[in-house]
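According to mature numbering (1 follows the signal peptide of the UniProt record, and there is no 0), the stretch in the sequence shown is residues -20 to -1, 1 to 117, in order. C-beta atoms are modelled at their ideal positions from N, C-alpha and C, and glycine is treated no differently. Reading through the structure tokens given below for one structure.
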Amino acid sequence: MFEAAFYIVLCILPLRFSEAEVIQAQFAVPDVWDGGFRGTITFPADREFRYGWLLYITFDIEVLNFEVHEGIVLGVHPLNKIFVAQHKAYNRHLYIDSTGRRSLGCQGASVRPPAAEVLFIPMLSNEESVENALDAL
């Protein structure tokens, strides 16, 4: 008699289950000065974001010395029009806000006030890398 071995192999893959996880944010420029601007990035805060977040910002013109006050700029496209920013350690977990919205300040230098498309990308787990989160784009 032969006995057959039976094995089950379980493979767990981190997946981004929904492209709805990429949230369109609004960008406004309330303050302008000669050669620079201060902007606000506003996105929905009607649910909790536990594992961190990214901002993918595309400007219509070159922006220099760009910074997000509550984030860390991780990467800049060579033409200074596309920026990727990530949460800081103290604000990786964003709670529901009673107003349903949350705003982050930013600033930079440009020849005129820029227009921008901003995508807010919640991280789906503690293990998700920046590269995997950006794959949702």
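Beta bridge counterpart(s) of residue i as assigned by DSSP
i	result
Ser105	Bridge partners of Ser105: none, in fact.
Asp11	Arg18
Pro24	Arg81
Gly55	Val64
Val48	Cys86
Ile76	Ile76 is not bridged to any residue.
Ala5	Val98
Identity of the residue in the options nearest residue i by Cα
i	options	result
Val48	Cys86, Gln4, Val110	Cys86
Pro10	Asn106, Pro93, Glu111	Pro93
Ala95	Gly80, Leu35, Glu42	Glu42
Gln4	Val110, Leu104, Val98, Leu114	Val98
Ala8	Ile37, Trp33, Arg30	Ile37
Ser105	Trp13, Gly15, Tyr31, Ala89	Tyr31
Val91	Phe17, Arg82, Ser78	Phe17
His73	Val56, Gly51, Thr79, Ala89	Gly51
Arg81	Val2, Trp13, Ile21, Val12	Ile21
Trp33	Thr79, Gly19, Gln6, Val2	Val2
Span of the alpha helix (DSSP H), counted from its first residue to its last, around residue i
i	result
Asn112	110 to 114
N-terminal and C-terminal residue of the beta strand (DSSP E) that residue i is part of
i	result
Leu35	33 to 39
Residue i beta carbon near the ligand NAP (any heavy atom closer than 7 Å)
i	result
Ile37	Absent from the structure shown: the ligand NAP. Ligands present: none.
Legend entry - Stretch-stretch touch, CB-based, cutoff 8 Å, three pairs: the region 15 to 33 with the region 52 to 61: no
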